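The structure under discussion appears below in the form of structure tokens.
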Amino acid sequence: MGVLVNPGIKRLFVPPQDWGVQPGTDFMLLPEGEILTANGYLLSDYGWTTTSLSLVTGAGADFIASADVGVPGHILTNASGDLLQSPVVFGDYYHAWLASKILGYVPSTLVVEVIAAFSVATANETTSGFGLIEDGGGPATANDALAYIFSDSANFGLRSGAASDAGAAVDNAWHVWRIEVDSTNVEWFIDDTSQGTIALEADEWPVSFGMHTLTTNRVLLGPVHIYYY
Numbered sequence: 019m020g021v022l023v024n025p026g027i028k029r030l031f032v033p034p035q036d037w038g039v040q041p042g043t044d045f046m047l048l049p050e051g052e053i054l055t056a057n058g059y060l061l062s063d064y065g066w067t068t069t070s071l072s073l074v075t076g077a078g079a080d081f082i083a084s085a086d087v088g089v090p091g092h093i094l095t096n097a098s099g100d101l102l103q104s105p106v107v108f109g110d111y112y113h114a115w116l117a118s119k120i121l122g123y124v125p126s127t128l129v130v131e132v133i134a135a136f137s138v139a140t141a142n143e144t145t146s147g148f149g150l151i152e153d154g155g156g157p158a159t160a161n162d163a164l165a166y167i168f169s170d171s172a173n174f175g176l177r178s179g180a181a182s183d184a185g186a187a188v189d190n191a192w193h194v195w196r197i198e199v200d201s202t203n204v205e206w207f208i209d210d211t212s213q214g215t216i217a218l219e220a221d222e223w224p225v226s227f228g229m230h231t232l233t234t235n236r237v238l239l240g241p242v243h244i245y246y247y
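The sequence shown begins at 19 in the working numbering and counts up one residue at a time.
Given below as structure tokens:
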């Protein structure tokens, strides 16, 4: 169940097994422990789609040191067709309305923060990546992207089913990726540096969070934080 960390802050944090059933303001995924194995709670038992994924334990970091983060715990995609998709809950009025009962106001922005790396980014693959997926769609279908980060082999990009924006040159490093959605635009960031915007598509909400790999490119998905403000 969700946790209200401090009643004065008015935020409710929801773990991944409750994303489909628990209202909140902050929805978090920590890819450690037993989230993909029968020894713990299977995400697939809680409205998630998971296909051929494995977990890698975090290692090699200094104590709370941004200069030496090591390798975070992450979900490994190592085969074509690997897929992770959350319940379809984010971004329509009623999900935000529930969040407003905690925040004290109706939020205007949805933010997706992801710690992730592309261990391979050498192909132009619009469905190998991560981000928000249209209602009724899946990350394996290019036109179902709502706000989705990918590699075109030369640059990282953000795309929807109707628009695309090119950003920084590709690399294989871990980054903090952020997608901010408001009533008109979607802006994306790499390590707090804005990469640009695309126009927001209408009539596609609520959405899910998902990731997918196709033939060549590979995503390593670390912690995820999706929240309203």
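Backbone N, C-alpha and C define an ideal beta-carbon position, used for all residues, glycine too. Values in this document were obtained by computation on a predicted structure and should not be read as measured data.
| Item | Value |
| --- | --- |
| Using a Cβ distance threshold of 8 Å, determine whether the region 115 to 123 contacts the region 174 to 187, with at least three qualifying pairs required. | no |
| Hey, which unbroken runs of the beta strand (DSSP E) at 3 residues or more fall wholly within the region 152 to 208? | 163 to 170, 173 to 177, 182 to 187, 193 to 199, 203 to 208 |
| Which of the three DSSP states is assigned to P34 in this structure? | helix |
| Do S226 and P105 come within 8 Å of each other at the CB atom, strictly closer than that value? | yes |
| By a C-beta neighbour count over all protein chains shown, 10 Å radius and 16 as the cutoff for buried, is I82 buried or exposed? | exposed |
| Out of T127, A97, M46, A135, state which residue places its alpha-carbon closest to the alpha-carbon of V194. | A135 |
| What is the C-beta distance between T202 and T140, in whole angstroms, given that I count them as a contact (C-beta under 8 Å)? | Incorrect: roughly 34 Å between the Cβ atoms, too far for contact. |
| Could you name the residues of the same chain whose beta carbon sits closer than 7 Å to that of D86, not counting the 5 residues immediately before and after it, in chain order? | A79, D80 |
| Thinking C-beta only, is V204 closer than 8 Å to A160? | no |
| Which residue comes first and which comes last in the alpha helix (DSSP H) that contains A114? | 111 to 121 |
| Are the beta-carbon atoms of G228 and F148 separated by less than 8 Å? | yes |
| To the nearest whole angstrom, what separates the beta carbons of G240 and I133, a pair I think is in contact under 8 Å? | 3 Å |
| Pull the bridge partners of A77 from the DSSP assignment, please. | V89 |
| Roughly how many whole angstroms lie between the Cα atoms of W192 and I208? | 10 Å |
| Given that a residue counts as buried once 16 or more other Cβ atoms are within 10 Å of its Cβ, and exposed if not, what is Y245? | buried |
| Using only CA atoms, which one of R177, S62, M46, T211 lies nearest to D162? | R177 |
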